[in-house]
Amino acid sequence: MIFKDSCVSTKIWVLLGMITFVTSFDHTLKDDFPGPYCSRLNHCCQDRQDDCSLPIANTLCYCDEFCERSHESDCCPDYRTFCLNEPAPIQVCIHNGFHFNKHNTTRDNCNECRCLDGGIVDCERDLCLTDDSLVRNINSIHRLGWSARKYDEWWGHKYAEGLMKRLGTKEPTYRVKTMTRLHNIADHLPRSFNSIDKWSSYISDVPDQGKCWCGSSWVISTASVASDRFAIQSSGKEVVQLSPQNILSCTRRQQGCAGGHLDAAWRYLHKQGVVDESCYPYVGYRDTCKVHHNSRSLRSNGCRRPLGVDRDELYTVGPAYTLNNETDIMAEIFMSGPVQATLRIYRDFFAYSGGIYRHTAASRGSPVGFHSVKLIGWGEEHGGVKYWIATNSWGHWWGEHGNFRILRGSNECEIENYVLAAWPNVYNYFKPKSIS
6 MIFKDSCVST
16 KIWVLLGMIT
26 FVTSFDHTLK
36 DDFPGPYCSR
46 LNHCCQDRQD
56 DCSLPIANTL
66 CYCDEFCERS
76 HESDCCPDYR
86 TFCLNEPAPI
96 QVCIHNGFHF
106 NKHNTTRDNC
116 NECRCLDGGI
126 VDCERDLCLT
136 DDSLVRNINS
146 IHRLGWSARK
156 YDEWWGHKYA
166 EGLMKRLGTK
176 EPTYRVKTMT
186 RLHNIADHLP
196 RSFNSIDKWS
206 SYISDVPDQG
216 KCWCGSSWVI
226 STASVASDRF
236 AIQSSGKEVV
246 QLSPQNILSC
256 TRRQQGCAGG
266 HLDAAWRYLH
276 KQGVVDESCY
286 PYVGYRDTCK
296 VHHNSRSLRS
306 NGCRRPLGVD
316 RDELYTVGPA
326 YTLNNETDIM
336 AEIFMSGPVQ
346 ATLRIYRDFF
356 AYSGGIYRHT
366 AASRGSPVGF
376 HSVKLIGWGE
386 EHGGVKYWIA
396 TNSWGHWWGE
406 HGNFRILRGS
416 NECEIENYVL
426 AAWPNVYNYF
436 KPKSIS
C-alpha cells in the first residue's frame, strides 16, 4: 500500500492476509477481499481526497481518482466496477469443457494451460507423445499395412520425454559402423521363421523398461539377446535371464537411463560379465553398482549358483560382431538365435498397434531417436510383403503383445544397418577325465 502522506514512497508488502498495491489495478483482489468498499461509501471522490478511504487488511484503500496512478494503485477492489461502471472482468476460463479460475491451471494432454485475464486460456505448445490427430492421420492412410491406437500409457507425456526415457540407445558409434561384418553361408532358409516356435522354452519373455520411464533399451535388448543365446547354445542347460540392471548401473562412461551405446554394453558383457536377474533385479533407474569388479565369482557377489550347472563365474560372451545383410541376419537367427537391431524411431512408431510397420508422413518434421530391439524371426505375407519379427521392451500392452513386425529387405528405419550378436561363453560340460 502506498500512503498519501510524507511517506509516499513507503511500500507495505502484504503476505498471507496482507496486500500489496505496487502495480496497476488488480481485479483479482476482489476474490480475496470482496468488500463492499466504495459501494459502502456510496460515492466516489474526484482528484485526491485522503478521507475517501476504507480500511482493508491492515491498511487503507481509496475511492478517489488519485488512487489509480500510472504506475501505482491503491484503489479499493470494487473501485472500477462501482466508480467507473466497468463490468466485472471474466475470471473463469473454459478449455475443452473444463471450467477453471484465473491463476489456476489444467492440462490438455501433455501441455499445461493457464487461465489469464478476460477468460483467455494460454496453453503450452509442446508436441505430445500421442494425440488423437496422430492416430487419426495414420489410420486414414490407404493400404498402409499397419494400424495405430492411442495408448493410455503415452497420454499426458511429451514427445521429447518419450525420446529420452522410452528409447535409450545412442546412435551407433564409429566403432560399430566400421566393424567387420560377418557373412553367413545360408542355404534353404524358410520363408518364415520364429525363434519362439523353434526354442519355445529358451526365448525370454517380452521385457518392460518400467513405469519409471528409463531410457534403457541399450541394456534391456543386450541382456535379452545374450540370455536367449545362453539357453540355445547350452541346449537348455543354462536357461538364464541375465541382469540388465547390472549393465545399467555398472557400465562406465554411459548415461544410464539417459541412454548408452550398444558396443559399451556388449563390451561390458565380454570383459567383465554379469550376474543373473534374480541376483540383481531390474529397478528402472541407475543405482550404485552392487557388483564387485575385482571378483568374477557369483557366490562372492551374493548370488546363488545355478541349479544343475557347476558354474560360479559371471556370465560372459565373446566379442560382439555385426551382420552384413538381410540373408546373413536370417541365417544367424536361424542357426544361433535372436540378434540385436538398432532402428531409427519416428513419432508414429509409438502409436503402432499391429501390422507391418513402415514410417509414415504422419510424423513428418518431428525429431527422431534411436532404439534397440531383439529380432526373433521373419515372415512374408501372401502379397509378397516381407517383414522382420521383433520384440520390443515396452511390455505386453504395446503392439502385437509386445512384439512388432517391420518391413524386411528395404532397410526400413535403418533396421538392417547395425545388427549385432555375440557368442555366449557357456559352461564347459565336457571336462576331460583326469588320468590316474
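Residues in the sequence shown are numbered from 6 upward in steps of one, following our numbering. Every residue gets a Cβ at the ideal spot worked out from N, C-alpha and C, and that includes glycine.
Less than 7 Å between C-beta atoms, sequence neighbours within five positions excluded: which residues of the same chain meet that for Arg413?
Looking up residue 413 in the sequence shown gives position 408. If we look at Arg413 and ignore the five residues flanking it on each side, its Cβ neighbours are Glu331, Trp383, Lys391, Tyr392 and Trp393.
Straight-line CA distance for Cys418 to Arg309?
What you label residue 418 is simply residue 413 of the sequence shown in a count that begins at 1. What you label residue 309 is simply residue 304 of the sequence shown in a count that begins at 1. Looking at the two C-alpha atoms, the distance is approximately 41 Å.
Quick one: grab the DSSP three-state call for Glu276.
Here residue 276 corresponds to residue number 271 of the sequence shown, with the count starting at 1. Looking at the sequence itself, residue 276 is Lys, so the reference to Glu does not match. In the structure shown, Lys276 sits in a helix (DSSP, three-state: H, G or I).
Use the C-beta contact count for Asp69: other C-beta atoms within 10 angstroms, 16 or more gives buried, fewer gives exposed.
The residue given as residue 69 occupies position 64 in the sequence shown. So Asp69 counts as buried.
For Ile61: DSSP bridge partner residues:
Working through the sequence shown from its first residue, we reach residue 61 at position 56. Ile61 pairs with Thr64.
Would you call the stretch 225-243 and the stretch 289-299 in contact, with 3 or more CB pairs under 8 Å?
no
Does Lys295 come out as helix, strand or coil in the three-state DSSP assignment?
In the sequence shown, counting from the first residue as 1, residue 295 sits at position 290. Of the three classes helix, strand and coil, the one that applies to Lys295 here is coil, per DSSP.
Would you mind sorting Met340 into buried or exposed? The rule is 16 or more other CB atoms within 10 Å of its CB.
For the purposes of this step, residue 340 is identified with residue 335 of the sequence shown, where counting begins at 1. Burial call: exposed.
Per-residue burial, Val97 [other beta carbons within 10 Å of its own, 16 or more giving buried]
Mapped onto the sequence shown, residue 97 falls at position 92. Classification of Val97: exposed, given that the 10 Å Cβ count is below 16.
Using 6 Å as the cut-off, classify the Cβ of Arg141 as near or not near the heavy atoms of the ligand FMN, replying yes or no.
Only the bare structure without any ligand can be found here, which leaves the ligand FMN out of the picture.
Using a Cβ-Cβ cutoff of less than 7 Å, which residues in the same chain neighbour Pro41 once the five nearest sequence positions on both sides are dropped?
For the purposes of this step, residue 41 is taken as residue 36 along the sequence shown, with counting starting at 1. Hits under 7 Å: Asp83.
Determine the direct distance from the alpha carbon of Asp113 to that of Ala395, and round the result to whole angstroms.
The residue given as residue 395 occupies position 390 in the sequence shown. The residue given as residue 113 occupies position 108 in the sequence shown. If I take the Cα positions, the gap works out to 33 Å.
Gln51, buried or exposed, once every other Cβ within 10 Å from all chains shown has been counted against 16:
For the purposes of this step, residue 51 is taken as the residue at position 46 of the sequence shown. Flag for Gln51 reads exposed.
Below 8 Å, can you find three or more Cβ-Cβ pairs linking the stretch 242-251 to the stretch 178-194?
no
Asp55 versus Tyr67 - alpha carbon distance:
Here residue 55 refers to the residue found at position 50 when the sequence shown is read from its first residue. Here residue 67 refers to the residue found at position 62 when the sequence shown is read from its first residue. Going by the C-alpha atoms only, they are around 8 Å apart.
Could you check if Tyr273 is buried or exposed, using at least 16 other CB atoms within 10 Å of its CB as the buried criterion?
Locating residue 273 in the sequence shown gives position 268, counting from the first residue. Label assigned to Tyr273: buried.
Secondary structure at Val97, three-state DSSP: helix, strand or coil?
On the sequence shown, residue 97 is found 92 positions in, with the first residue counted as 1. It is a strand residue.
Taking just the CA atoms, how far does Ser222 sit from His406?
For the purposes of this step, residue 406 is identified with residue 401 of the sequence shown, where counting begins at 1. For the purposes of this step, residue 222 is identified with residue 217 of the sequence shown, where counting begins at 1. Rounded to the nearest angstrom, the two C-alpha atoms are 18 Å apart.
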